[in-house]
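J.:
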Amino acid sequence: MERSLVEQAQRGDREAFTRLAFELSDRLFAVAHRILRDFDSAGDALQVTLLRIWRDLPTLRDPSLVEAWAYRVLVRACHDELRRLRRQAPALHLLAVDGAEDDPAISIADREQLDRAFRTLTVEQRAAIVLQYYRDLTMTEIAEVLQVPIGTVRSRLHYAKRALRAAIEADARPTTRKGRTA
Amino acid sequence: MNRERDFDQTLRHWLDDGADQAPERFVWGALETVERTAQRGAWQASLEGLFMKLKTAAPYLGVAAAVVLAVAAYQVLVAPNVGGPGPSPSPTPTPRVFTAEDLPKIVFNGRTAPEGMIVDNTTIGSPALRVPLREGGPDIDETAFVDALMTNLDTTETGGYVSWGALFETAADAEVAFDFIVNEHGSVGWRMARSNVDPGLGDESATFTGAAYNIFETNITHLWRVGNLVLAAVAVGDVAVGEANAETLLAFAELMDERAR
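Line order of the protein sequences matches chains B and H.
Going by our numbering, the first sequence opens with residue 27, and the numbers climb by one from there.
Going by our numbering, the second sequence opens with residue 107, and the numbers climb by one from there.
1. Taking Cβ positions, are L54 of chain B and L76 of chain B nearer each other than 9 Å?
2. What do you get for M256 of chain H, buried or exposed, if any count of 16 or more other CB atoms within 10 angstroms of its CB means buried?
3. Please state if the CB of D279 of chain H and the CB of A250 of chain H are separated by a distance shorter than 9 Å.
4. Answer yes or no: do V330 of chain H and F314 of chain H have a C-beta to C-beta separation smaller than 9 Å?
5. In this structure, does DSSP put F214 of chain H in helix, strand or coil?
6. What is the residue span of the beta strand (DSSP E) that T229 of chain H lies within?
7. Are at least three pairs of beta-carbons, each pair with one atom in the region 88-108 of chain B and one in the region 28-35 of chain B, less than 8 Å apart?
8. I'd like to know whether the C-beta atoms of A144 of chain H and G243 of chain H end up nearer to each other than 9 Å.
9. Name the two residues that bound the continuous beta strand (DSSP E) containing N302 of chain H.
10. Using a beta-carbon distance below 9 Å, is N334 of chain H in contact with chain B?
11. How big is the Cα-Cα spacing for A352 of chain H and A341 of chain H?
12. If I'm right that A193 of chain B touches Q139 of chain B with Cβ under 8 Å, what's the distance once you round it to whole angstroms?
13. Quick one: grab the DSSP three-state call for L118 of chain B.
14. Quick one: is E360 of chain H buried, meaning 16 or more other Cβ sit within 10 Å of its Cβ, or exposed?
15. Could you tell me the alpha carbon to alpha carbon distance between T85 of chain B and T178 of chain B, rounded to whole angstroms?
16. With distances taken between CB atoms, is the gap from D106 of chain B to V74 of chain B smaller than 9 Å?
17. Which residues in chain B have a C-beta closer than 8 Å to the C-beta of D245 of chain H? List them in chain order.
18. Smallest Cα separation from I246 of chain H: which of H:V213, H:D285, H:L121, H:G308?
19. My output table needs one value for A317 of chain H: the three-state DSSP class, helix, strand or coil.
20. If I follow the unbroken beta strand (DSSP E) through L172 of chain B, where does it start and stop?
21. By a C-beta neighbour count over all protein chains shown, 10 Å radius and 16 as the cutoff for buried, is D70 of chain B buried or exposed?
22. Using a cut-off of 8 Å between C-beta atoms, extract the partners of L147 of chain B located in chain H.
23. Mind checking which residues open and close the alpha helix (DSSP H) that includes T143 of chain H?
24. Strictly under 9 Å for the Cβ-Cβ distance: is R131 of chain H near chain B by that measure?
25. Is L121 of chain H helix, strand or coil when you go by DSSP?
26. Where do the N-terminal and C-terminal ends of the alpha helix (DSSP H) with F292 of chain H fall, by residue?
27. With 16 other CB atoms within 10 Å as the buried threshold, where does V336 of chain H fall?
28. Express the C-alpha separation of S133 of chain B and E150 of chain B in angstroms, rounding to a whole number.
29. Using the Cα positions of I212 of chain H and R365 of chain H, report the straight-line distance between them to the nearest angstrom.
30. Is the region 43-58 of chain B touching the region 121-128 of chain H in the sense that three or more CB pairs, one from each, lie closer than 8 Å?
31. Under 9 Å, Cβ to Cβ, is there at least one residue of chain H near H59 of chain B?
32. Can you give the beta carbon distance from D309 of chain H to V282 of chain H, rounded, assuming they're within the 8 Å contact cut?
33. Considering Cα atoms alone, identify which of B:V171, B:R87, B:Q173 is closest to N227 of chain H.
34. Using a Cβ-Cβ cut-off of less than 9 Å, give me the residues of the region 84-97 of chain B that come near chain H, in sequence order.
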């Protein structure tokens, strides 16, 4: 990320911010999509995030940390978005990720189970999983993004993974009984 | 171990499914709103941060605050006046052109803050210039802007001090900026009133009191200009309450003013 671009945007240069927004958007949207498991909700979270980034950019002390800071703002926006969705329609969007293609490496049943179990996690746990397994961030980087101690990240990952693994393992038995042939 | 690795692999494959590109309509939608939205003044944000920090630290700061205040009051009220004529400022003999190197010598920081006062954070450059600007208000002209520095100095559990300075190319440019900031503070958005008493700082000065920033109900702000430099000393929250603290702030401002001469 070009430091001068961030600095220009910090000074209120809207053109610079437009460029910055387009540079960040793909990564932010991809992470939001994986946290929220819904295309339109991810879009809403992205919009809120970009607006908050613009509004609060002058307060960012080190422009080189803009991406980590943007993820932090995004996770908060995802949190708000999920709360809004739950208030509006509790049973909404229990679907697979829009646009997901079949991946031969994971069975359809596993994917469905993972998806269902993932939705039971808190946004903070989801964010830790996505940042580690999708964005490949280290524990230290995740701690920096989420502004929590490394121990907290470790514990969030531990409980999240345990829930996800349990979902797959629990699925193995009933699936076999059903024969998966129907 | 293999089971663990397999599961991690499954997780990675599962997370690979999903969108990798943000549809432009979402980005443009946000940018349209950005067009109508002002950036948040760093002043407000830093005060919010200070407030939260002080709130969290409140149980530990109770006793320390009294000590810090006493030491600070001694440093700024008693020490500078020893052997001197008194607090009333004398007229500036010759106009001086300040450079960016002078800013940290005048605006308090970790090294130059009165002894016993704790520097909470520092903001520099353009974001610091924007500190005295309110959200949604008109933007300051940065054409002749050179540099700015702001520090928060916390002294009690429910308030704090701000030391701020902005440098402009010429005294005339600073005069324009000073008028702009004074007008902003006097505008309805700030909920502050200009005091009838001129604090007598620098070449021209003004004092505002009231409930600005929507965080602390009580604030005292001294704004003044010395040559091509615009300065501010602010007390927010509990430190701004009461005559004694108003005096401490004025002494705080006078110390900055003295350093600018």
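Beta carbons are placed, not taken as given, at the ideal position from N, Cα and C, and that holds for glycine.
T.: Checking against the coordinates, here is how it stands:
1. The answer is yes: Cβ separation under 9 Å.
2. By the 10 Å Cβ count, M256 of chain H comes out buried.
3. Result yes, Cβ atoms of A250 of chain H and D279 of chain H sit closer than 9 Å.
4. The residue you asked about is not Val; residue 330 of chain H is Trp in the sequence shown. No, the Cβ-Cβ distance between W330 of chain H and F314 of chain H is not below 9 Å.
5. Annotated three-state conformation of F214 of chain H is coil, per DSSP.
6. Boundaries of the beta strand (DSSP E) harbouring T229 of chain H: 224-230, taken from the DSSP string.
7. Taking one beta carbon from each stretch, the region 88-108 of chain B and the region 28-35 of chain B have 3 or more pairs nearer than 8 Å; the two touch.
8. In contact: A144 of chain H and G243 of chain H (Cβ atoms closer than 9 Å).
9. N302 of chain H -> no beta strand (DSSP E), and no H or E assigned at all.
10. N334 of chain H does not count as touching chain B.
11. One alpha carbon belongs to A352 of chain H, the other to A341 of chain H, and they sit about 8 Å apart.
12. Indeed, because the Cβ distance is near 4 Å, the residues count as touching under 8 Å.
13. Residue confidence is low: L118 of chain B scores 41 on pLDDT, short of 50, so the model does not pin down where it sits. Its coordinate-derived value is still stated next. Three-state result, L118 of chain B: coil.
14. By the 10 Å Cβ count, E360 of chain H comes out buried.
15. The straight-line gap from Cα to Cα measures roughly 26 Å.
16. Against a cut-off of 9 Å, the Cβ pair of V74 of chain B and D106 of chain B comes out as a contact.
17. G38, listed in chain order.
18. Ranked by Cα distance from I246 of chain H, the first of H:V213, H:D285, H:L121, H:G308 is H:D285.
19. A317 of chain H sits in coil when the DSSP states are folded into three classes, being neither helix nor strand.
20. It is not in any beta strand (DSSP E) - L172 of chain B instead sits in the alpha helix (DSSP H) that spans 165-172.
21. The residue in question, D70 of chain B, is buried, as its Cβ has 16 or more Cβ neighbours within 10 Å.
22. Contact note: L147 of chain B does not reach chain H at a C-beta cutoff of 8 Å; the least C-beta distance is about 12 Å.
23. Annotation for T143 of chain H: no alpha helix (DSSP H) segment contains it, and DSSP assigns it neither H nor E.
24. So yes, R131 of chain H belongs to the interface.
25. It is helical.
26. Checking the displayed sequence, the identity of residue 292 of chain H turns out to be Gly instead of Phe. Element bounds for G292 of chain H: 277-292.
27. V336 of chain H comes out buried.
28. Going by the C-alpha atoms only, they are around 27 Å apart.
29. When rounded, the distance between both Cα atoms is 5 Å.
30. In the pairwise beta carbon analysis, the region 121-128 of chain H is classified as touching the region 43-58 of chain B: at least three pairs are separated by under 8 Å.
31. Interface with chain H (9 Å Cβ-Cβ cutoff): H59 of chain B is included.
32. With a Cβ gap of about 13 Å, D309 of chain H and V282 of chain H do not count as contacting.
33. Per the Cα distances, B:R87.
34. Flagged, chain order: P84, T85, L86, R87.
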